[in-house]
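**Student:**
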Amino acid sequence: MNSHVPDSTGNAPKPPGPRLGRRAVLGLSGAAVATTAAGLVLPRWLEGSATAGHLVAPHDPVIAATERARARTGRVVRRTLNAGPATVDLGGREVSTWAFDGEVPGRPIRVKAGDQLQARVSNDLPESTSVHWHGLALRNDMDGVPGVTQPGIAPGARFDYSFVVPHPGTYWFHPHSGVQPDTGLYAPLIVEDPDEPGAYDEEIVLVLDDWTDDWGQSPDAILRGFRSNGMGMNMGMNMGEMASTMSSTENPLGTDTGDVSYPAHLVNGRLPTAPDTFRVEPGRRVRIRLINAGADTAYRFAVGGHRMSVTHSDGFPVVPVEVDALILGMGERFDVTVTVGDGVFALVAAPEGKDGPPARALLRSGAGAAPPPGDLPRELTGRLLAYTDLLAAEGAALGPAEPDRELDATLTMANGGRRWMINDRTFEDSEPLVIARGERVRVRLANKSMMFHPMHLHGHTFALTRKDGRGVRKDNLNVPPMSEPVIDFVADNPGRWVMHCHNIYHMELGMMTTFGYRAPASR
Ligand code: C2O
Ligand code: CU
Numbered sequence: 002m003n004s005h006v007p008d009s010t011g012n013a014p015k016p017p018g019p020r021l022g023r024r025a026v027l028g029l030s031g032a033a034v035a036t037t038a039a040g041l042v043l044p045r046w047l048e049g050s051a052t053a054g055h056l057v058a059p060h061d062p063v064i065a066a067t068e069r070a071r072a073r074t075g076r077v078v079r080r081t082l083n084a085g086p087a088t089v090d091l092g093g094r095e096v097s098t099w100a101f102d103g104e105v106p107g108r109p110i111r112v113k114a115g116d117q118l119q120a121r122v123s124n125d126l127p128e129s130t131s132v133h134w135h136g137l138a139l140r141n142d143m144d145g146v147p148g149v150t151q152p153g154i155a156p157g158a159r160f161d162y163s164f165v166v167p168h169p170g171t172y173w174f175h176p177h178s179g180v181q182p183d184t185g186l187y188a189p190l191i192v193e194d195p196d197e198p199g200a201y202d203e204e205i206v207l208v209l210d211d212w213t214d215d216w217g218q219s220p221d222a223i224l225r226g227f228r229s230n231g232m233g234m235n236m237g238m239n240m241g242e243m244a245s246t247m248s249s250t251e252n253p254l255g256t257d258t259g260d261v262s263y264p265a266h267l268v269n270g271r272l273p274t275a276p277d278t279f280r281v282e283p284g285r286r287v288r289i290r291l292i293n294a295g296a297d298t299a300y301r302f303a304v305g306g307h308r309m310s311v312t313h314s315d316g317f318p319v320v321p322v323e324v325d326a327l328i329l330g331m332g333e334r335f336d337v338t339v340t341v342g343d344g345v346f347a348l349v350a351a352p353e354g355k356d357g358p359p360a361r362a363l364l365r366s367g368a369g370a371a372p373p374p375g376d377l378p379r380e381l382t383g384r385l386l387a388y389t390d391l392l393a394a395e396g397a398a399l400g401p402a403e404p405d406r407e408l409d410a411t412l413t414m415a416n417g418g419r420r421w422m423i424n425d426r427t428f429e430d431s432e433p434l435v436i437a438r439g440e441r442v443r444v445r446l447a448n449k450s451m452m453f454h455p456m457h458l459h460g461h462t463f464a465l466t467r468k469d470g471r472g473v474r475k476d477n478l479n480v481p482p483m484s485e486p487v488i489d490f491v492a493d494n495p496g497r498w499v500m501h502c503h504n505i506y507h508m509e510l511g512m513m514t515t516f517g518y519r520a521p522a523s524r
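The sequence shown: position 501 = 502 (this note's numbering), numbered continuously.
(1) Is the beta carbon of A222 closer than 8 Å to that of P106?
(2) Go through the residues and name those whose CB comes closer than 5 Å to any heavy atom of the ligand CU, in chain order.
(3) What does W216 pair with, by DSSP beta-bridge criteria?
(4) I want to know whether the segment 470-488 touches the segment 153-166 - three or more CB-CB distances under 8 Å.
(5) Check whether the Cβ atoms of V442 and L465 sit closer than 8 Å, and answer yes or no.
(6) For N448, name the three-state secondary structure that DSSP assigns.
(7) Note the first and the last residue of the continuous beta strand (DSSP E) segment covering R290.
(8) Grab me the residues of A546's own chain with a C-beta within less than 7 Å of its C-beta, minus the 5 sequence neighbours each way, in chain order.
(9) Expressed to the nearest angstrom, what Euclidean distance is found between the alpha-carbon atoms of Y172 and N477?
(10) Going by DSSP in three states, H5 sits in which element: helix, strand or coil?
(11) Let's test the definition: count the other Cβ atoms within 10 Å of the Cβ of D356 and tell me whether it reaches 16, buried, or not, exposed.
(12) By Cβ distance below 6 Å, which residues in the same chain neighbour G418 in space, the five residues on each side in sequence not counted?
(13) Are three or more beta carbon pairs between the segment 322-341 and the segment 368-376 nearer than 8 Å?
(14) Out of curiosity, what's the CA-to-CA distance linking T256 and P455?
(15) How would you write the range of the alpha helix (DSSP H) that I505 sits in, first residue to last?
(16) My assumption, with CB atoms under 8 Å, is that T413 sits in contact with D405. Please give the rounded CB distance.
(17) First and last residue of the alpha helix (DSSP H) that includes T67?
(18) For A53, collect the residues of the same chain with a Cβ closer than 7 Å to its Cβ; drop the 5 residues on either side in sequence, then sort them by chain order.
(19) Just how far apart, CA to CA, sit V324 and R301?
(20) Alpha carbon to alpha carbon, how far is W212 from E403?
(21) How many Å lie between T246 and A410 at the Cα?
(22) Return the CA-CA distance between A387 and R308, expressed in angstroms with no decimal places.
(23) Are there any heavy atoms of the ligand C2O lying less than 7 Å away from the beta-carbon of G332, as far as the coordinates show?
(24) What are the boundary residues of the beta strand (DSSP E) that includes M456?
(25) Pairing CB atoms from the segment 251-265 with CB atoms from the segment 203-219, are three or more of them under 8 Å?
(26) Look at the alpha carbon of R474 and the alpha carbon of K449, and state the distance between them as a whole number of angstroms.
(27) Is the beta carbon of P276 closer than 8 Å to that of Q268?
(28) Using a Cβ-Cβ cutoff of less than 8 Å, which residues in the same chain neighbour G306 once the five nearest sequence positions on both sides are dropped?
(29) What does the alpha-carbon distance come out to for the pair P98 and I191?
(30) Measure the C-alpha to C-alpha separation of V112 and E282 and round it to an integer number of angstroms.
(31) What does the Cβ neighbour count give for E128, buried or exposed, with the cut at 16 atoms within 10 Å?
(32) Between N252, G383 and G179, which lies nearest to P147 when the distance is taken from Cα to Cα?
(33) Could you check the C-alpha separation between W498 and A114 for me, to the nearest Å?
(34) Is it the case that the Cβ atoms of A394 and V311 are separated by a distance below 8 Å?
(35) Straight-line CA distance for E95 to V322?
(36) Which residue from R159, T184 and R140 puts its Cα closest to that of V89?
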């Protein structure tokens, strides 16, 4: 069924000249031409070691059996996705980048929970690619991680993804190949709830992104810089400086939130001077689906002149909480609702702990001038959402239970920021964290570094651990510097699943590991 060119190393053959696209442009401008070709280094245990034989693999029959047991509508949604070079207008500035079907963000996919999504991905990039359906607890062989769940999709090849979409909510998709997520290759995946209570009148999707491609350094050049220089100047910190990078009320993620300085921050692919504008009648209740597609930037979001009611975290419903502002780490999503006043309001996403013009969209319900770009609504420094404010909604809670297994994932920096590690190993040296089907798994995410890490688990939606089992459900959790949050999940989706930092550079510099399900003893 899946037509792909086997490419188990993820290394693409050198493409012919005319296909270079973005690279060719860089070459002409005198910048170094990148050659990484999304080369993924795989952990040794995956390459036929004894460990691999004792763990469920993506082609194991149990994966298809788990899929057959999923609730389904019987409806099939088909989509083609072409990943290729594109020139896009960010609103007065054209950039050549990589995108799905020439658009940034890519056109959203909308399905209902239980639908079968069939996405035919064709690769017109000069390097190997993949599509990961971020946040979905789907069948393992469709998770889109080259080398772990499928071979990379070679240049000129295609791959058919096909799976039942398990849960309603706000998700997104992007390649899981090298630093491609820091190009324009990202798009929303909205899973509607067949039983949606419909407590809102309109819906807006806002995708936040830090932009550098064809403007600042290329993502490949940024990665090369980290590989050779690490974080540069950050090394000789004294105690005072170290203390000042810690998290505090004003800076919950600490002050060292990212290492890349981006020339622009975008909402829905638009610069703040040419914002996406939504016209809404005053008094309407608007659901805003927020997605942080940034590679190295957390955003603090607020709606000028409005309080927001937070209704969903990473797709799953929460007991609604009223706040002025919230922070989204890379990969994270929140849904909020606002009752729209009369006027013109800015939907602002300010890069957390970074300089640079805040990203924004506009909400227009009446007459008046838009606030000037760069304007920071006072809500940004008002009541800020904390994870501990959130309880899983009735029906979305994991429920109380003692763990069957407790694991540690300790997060550290090594070699001056040239490498980032989990349990003292980079991905290539990692050993799988072994779990068994049906277990309640508890993981302590111990951040022993001076930066926050937005940790993302594939294939499961965990809960922040609470005695009463009502902890907020998430797949993407900001772990502040020197903090140790604890999460629980139920091992109900067999396969090989990665967990990694969603800072794309930290991930590429090694901050990724896997969970492996022990294969049934009968085999
Ligand atoms: Cu959004 Cu492993 O990724
Ligand atoms: Cu990180």
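Where is the CB? At the ideal position from N, CA and C, for every residue including glycine.
**Tutor:** The relevant details are as follows:
(1) no
(2) H454, C502, N504 and H507
(3) DSSP output for W216 lists no bridge partner at all.
(4) no
(5) no
(6) strand
(7) R286 to N293
(8) Given a span of 2 to 524 for the chain in the structure shown, any question on residue 546 remains unanswerable.
(9) 11 Å
(10) Confidence at H5 is low in this model, with a pLDDT of 35, below 50, so the placement of that residue should be treated as unreliable; the coordinate-derived value is given next. Note: H5 maps to coil in three-state DSSP.
(11) exposed
(12) G231 and M232
(13) no
(14) 15 Å
(15) I505 to E509
(16) With 8 Å as the limit, T413 and D405 do not qualify as a contact, their Cβ atoms being about 27 Å apart.
(17) P62 to R69
(18) W46 and L47
(19) 12 Å
(20) 44 Å
(21) 22 Å
(22) 15 Å
(23) yes
(24) H454 to L458
(25) yes
(26) 24 Å
(27) First, the amino acid is wrong: residue 268 is Val here, not Gln. Result yes, Cβ atoms of V268 and P276 sit closer than 8 Å.
(28) G342, G344, F346, P378 and E380
(29) Note on residue identity: the sequence assigns Thr, not Pro, to residue 98. Approximately 24 Å, taken between the alpha carbons.
(30) 27 Å
(31) buried
(32) G179
(33) 22 Å
(34) no
(35) 40 Å
(36) T184
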